[in-house]
Every structure is written in C-alpha cells, then in structure tokens.
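Going by numbering that gives the first Met the number 0, the residue at position 229 of the sequence shown is 228; the numbering climbs one at a time, nothing skipped.
Here's the structure we're looking at; comments come further down.
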Amino acid sequence: MRSLMGRILLAFGVGFGVFVLLFSVVVGVSARASLGALERTREARIREEVVEALEEVAAEGRFVRVEVMRVLRPYAPFLQVVVVLDKERRPVAAWMRGEPGMGMRGMMGPGGAGDVPGEVWEGLRWDSVRVDGRVEGYVGLRVAGFGASEEEGALTRGFLVPFVTGGVVALIGSGGVLLLLVRDFARTARRMAEGLVRIARGERGVVFPEASIEELSAIGRAAVSLQEQLLREERLRAQWSQDVAHDLRTPIAALRAQLEAMRDGVLEVSGERFALVLDELARIEALIEDLALLTRVEDPARRGLREEVALGRVTEEVVERLRMLGEGRGVEVSVEDGGVVLGEGDLLVRMVENLVRNAFQHASGEGPVRVRVERDGAEVVLQVENPGRIGEEELPLVFERLYRGERGRHSRGSGLGLAIVRAVVEGHGGRVEATSAEGWVRFTVRLPVSS
Numbered sequence: 000m001r002s003l004m005g006r007i008l009l010a011f012g013v014g015f016g017v018f019v020l021l022f023s024v025v026v027g028v029s030a031r032a033s034l035g036a037l038e039r040t041r042e043a044r045i046r047e048e049v050v051e052a053l054e055e056v057a058a059e060g061r062f063v064r065v066e067v068m069r070v071l072r073p074y075a076p077f078l079q080v081v082v083v084l085d086k087e088r089r090p091v092a093a094w095m096r097g098e099p100g101m102g103m104r105g106m107m108g109p110g111g112a113g114d115v116p117g118e119v120w121e122g123l124r125w126d127s128v129r130v131d132g133r134v135e136g137y138v139g140l141r142v143a144g145f146g147a148s149e150e151e152g153a154l155t156r157g158f159l160v161p162f163v164t165g166g167v168v169a170l171i172g173s174g175g176v177l178l179l180l181v182r183d184f185a186r187t188a189r190r191m192a193e194g195l196v197r198i199a200r201g202e203r204g205v206v207f208p209e210a211s212i213e214e215l216s217a218i219g220r221a222a223v224s225l226q227e228q229l230l231r232e233e234r235l236r237a238q239w240s241q242d243v244a245h246d247l248r249t250p251i252a253a254l255r256a257q258l259e260a261m262r263d264g265v266l267e268v269s270g271e272r273f274a275l276v277l278d279e280l281a282r283i284e285a286l287i288e289d290l291a292l293l294t295r296v297e298d299p300a301r302r303g304l305r306e307e308v309a310l311g312r313v314t315e316e317v318v319e320r321l322r323m324l325g326e327g328r329g330v331e332v333s334v335e336d337g338g339v340v341l342g343e344g345d346l347l348v349r350m351v352e353n354l355v356r357n358a359f360q361h362a363s364g365e366g367p368v369r370v371r372v373e374r375d376g377a378e379v380v381l382q383v384e385n386p387g388r389i390g391e392e393e394l395p396l397v398f399e400r401l402y403r404g405e406r407g408r409h410s411r412g413s414g415l416g417l418a419i420v421r422a423v424v425e426g427h428g429g430r431v432e433a434t435s436a437e438g439w440v441r442f443t444v445r446l447p448v449s450s
C-alpha cells in the first residue's frame, strides 16, 4: 500500500484496533474485579439468609426435604449447587441448576444419599445449621455467577449492546470524517508533488494550491520560493554566459586585429605593439583566473583546509602591498583587537585584496581610503571605505558577476572581484553589505570569530 490515503487509513485502522483492544482489556479487568466483589458480597448475604431460614425450620422440628425445598426455592435463581445434610451428615436435599422446575434438579432418588453424585460435594463450603447451640444439620452451596438470573442477564445485555453499538457507530463515524480529511490532504499533496515534478522537468511559473494544513502550506511556500530562486539563477547564468562571452570576445578581437594588421604591414611590428598585445592577453588571463576562482569558491561540494587566520594582520599586509595602487592617495589603517577567524587563508587574503583594490580603483574626490578591523561581540568586522558614490539603484547589483556600474564600465577589471568577495564571505558563514552616504562608499564584512 503505497498511496498516502491508503497508509493513513491503514494507520487509523491499526490505531483504532489497538485502542479498542486496550480499552476492552482495561474494561474487562475492571468489570471482572467489580463483578467478583459483587459476587462475593452476594454469596455472603445468600449464605447468611439460607442458614437463618434453615435454622428456623430446624427449630420447629420440620428439617425435612419438603420444608427445606420450600425454604430454598426463593434463592434458586442465584444458586448453582446446594446440598443440605442432617446432623448425621445424611443428604436431606441436593439440587443443581439446569433442569425444569425452579431452575434446579433434585438429585436424591429413592436410594437417598447414594444417588447424590460425588462431584457435587467437591469444592463446597459448608456451614452449620444450629438450634440453641446444637448442630442440627449442614448446608453447602455455590452461588451462580452474575447474569445467571433473567434480570441480571437483561442488565448485562443492556450494558453490552449499547457499548458494542456505540463502538461500531464511533468507528464508522470517525472513519468517515477521517476519509474526508484524508481525501483533501491527499489531493493537495498529490497536486504539490505534481508541481514539484513539473519544476524538476524545467517548467517555471507552476502554481501550487493553498493548503488548509500548515505543513503542506509550508511545503507549497518553499516550492514557490525554490521556483523563483531557480528562475533567478537561470537568468543570471544566461546573462553571465553572455557577459563572459562578450568580455572574452572584445580583447580577443582586439588581439586578432592587431596581429593581422602587423602581419599585413599596416601596423609596425615593435616592442610597444607587443606590449599592447601582452596587456590584452593579461586581461584575458585575469578574467579566466577569476572565473576559475569564483567557480571553485561557489562549489557546494568544496571542502578546503581551514585554519585560524588573524584578519587584522592579513589586512595590514595586504594594504602595505597594494599601497602603491593609490597613486598618492592616502590610506588609513586601523586594527583594534581584530580577533581570529577560522577559514581558508588564501581565500581570505583574496577577499581583502579585492576590497582594497576596488576602493583604490573607484575612489573619487578628496580623502583617503580607510580600512578598519575590529571585534564586535562574536564577530570580526572589516570595513573598507573610499570617497565616492554608488547610486541607490546600483547598490543591490554591485556583488553580481561581471557588474561594473557606470564608473567602472571602462575599467580594466574583470567585473568579478566583488562577486568573489561575497562568495568567500558567505562560504565562511559571514555576510557583506555595501552602503553609500555623504560622499563615501563603505563595504562591511562580518565573519564569525573562531571558537
């Protein structure tokens, strides 16, 4: 049984059966204990009343079979076996349930005591019949179980019939309600499964039904979010492929034109011309290297070797190495208890390099590039600021692959530097954001402190 509805109904049936079994056991044990106590109380009362009635008969000198039967007749519906003996232990009367006439059978024939079956005597509890302290006879009896009389049988049936009927009605009613609920649940789950299959096949814009069950509703919302994310990634991938092709095509076309011109004698073959060719090749090489690095960093299956890295020290070394890129622009570095992060050292160095290079490259107006590292609770914060401005519409895009913005459109960068920064930071469990206000552009990186 592989369908959802079938399994839920099977689980309900098994659960209901187990409940009924346990409930029956508990009720049976409780009823048995209660009936046992009732039967013991009733037997003690009947035994006491029978002995008193027989003592009255014996006191009047009428301790014979006919009188004994008259005394015992009212108790016949409640007795299973009764045997009455005289003081010489000879049978006076012996009856057993099951024959017409008073519901009992007299077991004394013409032979007297010899006609009483021996098994009747077994297991009986005997009480003395006394008159003025003298033993005039003995009585042994066994009380029938509860329900032996017609009244008790009717009472038992009156209890069992509603109980069984109620159980059957409850089973049918709850099963019907469950069937209605399960049908809606299974229908919604089936439609969601079909929608997920369509997404897996490449369809987009799949609509998922609104579910009345919170868990199914959460699955539907997650599926819609997944679909939107896949669509966004597919668009970005397509755009990225176009941008990469364009960024490779431009320098390659320039190289081809220069080489063909030198071949045809249009351009003079010189060291300066070869320097331009090498410059274009370096640009292509940098783009390919950045593409390879970004692909490696974004690989979810990548497991790099991680070590403790002092981010403040790394930042100071990077700034010192790249200071010449500022072309006279000042650099302010502030490291205050930078703390240590757990990560891949070469990637963290590349992240800092990209941010500092970006600051030098896009700084405009007066003012230095400011780099600051500090500890903020359980995080290490790196801030890189440069004078300049980024439009509000551009801020959400600066970390996208191959995005250069208006000022960087004609720069010689690959357009992947900030995308690499975001990938490295997120790969280390951190976050990065860009802000622009009051003539300054600030990039803020937050990484968790190594424990």
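Using N, Cα and C, we set each Cβ at its ideal position, and we do this for glycine too.
Note that the structure is predicted; figures quoted are calculated from it, not measured.
So the beta strand (DSSP E) residue i belongs to, where does it begin and stop?
{"i": "LEU140", "result": "133–142"}
{"i": "LEU346", "result": "Premise fails: LEU346 lies in the alpha helix (DSSP H), 344–361, not in any beta strand (DSSP E)."}
{"i": "ASP375", "result": "368–375"}
{"i": "ARG124", "result": "124–130"}
{"i": "GLU378", "result": "378–386"}
{"i": "LEU78", "result": "78–85"}
{"i": "VAL444", "result": "439–447"}
{"i": "VAL334", "result": "330–335"}
{"i": "VAL205", "result": "Looking at the DSSP string, VAL205 is not in any beta strand (DSSP E), and its letter there is neither H nor E."}
{"i": "VAL308", "result": "306–309"}
{"i": "PHE433", "result": "Checking the sequence shown, residue 433 turns out to be Ala, not Phe. Segment 430–436, the beta strand (DSSP E) holding ALA433."}
{"i": "MET323", "result": "It is not in any beta strand (DSSP E) - MET323 carries neither H nor E in the DSSP assignment."}
{"i": "VAL91", "result": "90–96"}
Out of the options, state which residue places its alpha-carbon closest to the alpha-carbon of residue i.
{"i": "VAL81", "options": "GLU59, ILE287, ALA185 and GLU42", "result": "GLU42"}
{"i": "ALA362", "options": "ARG430, ARG374, GLU378 and VAL330", "result": "VAL330"}
{"i": "GLN79", "options": "GLY122, ILE251, THR434 and GLU378", "result": "GLY122"}
{"i": "SER449", "options": "GLU393, ILE389, ALA377 and LEU415", "result": "ALA377"}
{"i": "ILE45", "options": "VAL63, ALA75 and THR294", "result": "ALA75"}
{"i": "VAL63", "options": "PRO90, THR40 and PRO73", "result": "PRO90"}
{"i": "VAL397", "options": "ARG200, ARG272, LEU230 and ALA422", "result": "ALA422"}
{"i": "VAL444", "options": "ARG400, GLY201 and VAL351", "result": "VAL351"}
{"i": "ARG61", "options": "PRO73, GLU87, VAL24 and GLU135", "result": "GLU135"}
{"i": "LYS86", "options": "PRO250, VAL138, TRP94 and GLU38", "result": "VAL138"}
{"i": "ALA436", "options": "ASP336, GLU391 and ILE419", "result": "GLU391"}
{"i": "PRO367", "options": "VAL265, ALA222, ILE389 and VAL318", "result": "VAL318"}
{"i": "ALA253", "options": "PHE273, ALA199 and VAL420", "result": "PHE273"}
{"i": "ARG388", "options": "VAL420, VAL348, LEU293 and PHE442", "result": "PHE442"}
{"i": "ALA188", "options": "ILE212, PRO395 and VAL265", "result": "ILE212"}
{"i": "ILE419", "options": "GLU59, ASP375 and VAL348", "result": "VAL348"}
{"i": "GLU393", "options": "VAL24, ALA433, ARG369 and PHE77", "result": "ALA433"}
{"i": "ARG282", "options": "ARG236, VAL265 and PRO250", "result": "PRO250"}
{"i": "VAL424", "options": "PRO395, LEU346, GLN360 and ALA221", "result": "LEU346"}
{"i": "ALA199", "options": "LEU230, ALA169, GLY172 and ARG220", "result": "LEU230"}
{"i": "ARG133", "options": "GLU54, TRP94 and PHE184", "result": "GLU54"}
{"i": "ALA40", "options": "VAL167, ALA92 and ALA143", "result": "Ala is not the amino acid found at residue 40; the sequence shown has Thr there. Of the listed residues, the one whose Cα sits closest to THR40 is ALA143."}
{"i": "GLY344", "options": "ARG305, THR164 and VAL223", "result": "ARG305"}
Residue range of the alpha helix (DSSP H) that residue i falls in?
{"i": "ASP278", "result": "270–297"}
{"i": "VAL420", "result": "416–426"}
{"i": "VAL70", "result": "64–71"}
Below 8 Å CB to CB, which residues in the same chain sit around residue i once its five sequence neighbours on both sides are set aside?
{"i": "LEU275", "result": "GLN257"}
{"i": "ASP278", "result": "none"}
{"i": "ARG322", "result": "VAL330"}
{"i": "VAL56", "result": "PHE62, GLU66, VAL67 and VAL70"}
{"i": "PRO99", "result": "Summary for PRO99: the model assigns pLDDT 43, below 50, so the residue's position carries little reliability; its value from the coordinates is reported in the next sentence. So the list is empty, once near-sequence residues are dropped."}
Spatial neighbours of residue i within its chain, please: C-beta separation below 7 Å, excluding the five flanking residues on both sides.
{"i": "VAL334", "result": "GLY311, THR314, GLU315 and VAL372"}
{"i": "ILE287", "result": "none"}
{"i": "GLY426", "result": "VAL296"}
{"i": "GLU365", "result": "PRO386"}
{"i": "ASP131", "result": "none"}
{"i": "HIS409", "result": "Bear in mind that a pLDDT of 49 at HIS409, under 50, signals an unreliable position, so the model cannot answer this."}
{"i": "ILE218", "result": "MET191"}
CB-CB under 6 Å to residue i, same chain, minus the five flanking residues each way: which ones, in chain order?
{"i": "LEU417", "result": "VAL397 and PHE398"}
{"i": "SER216", "result": "ALA210"}
{"i": "LEU290", "result": "none"}
Within the chosen definition, does the segment 308–323 reach the segment 331–345 through at least 3 CB pairs nearer than 8 Å?
-> yes
Is the segment 372–385 touching the segment 351–360, taking contact as three or more C-beta pairs under 8 Å?
-> yes
Inter-stretch contact (C-beta, 8 Å, three-pair minimum) for the segment 45–56 and the segment 122–134 | yes
If you pair each beta-carbon of the segment 186–193 with each one of the segment 202–216, do three or more pairs fall below 8 Å?
-> yes
Mind listing, in chain order, the continuous beta strand (DSSP E) runs of no fewer than 3 residues lying wholly within the segment 213–250?
-> none
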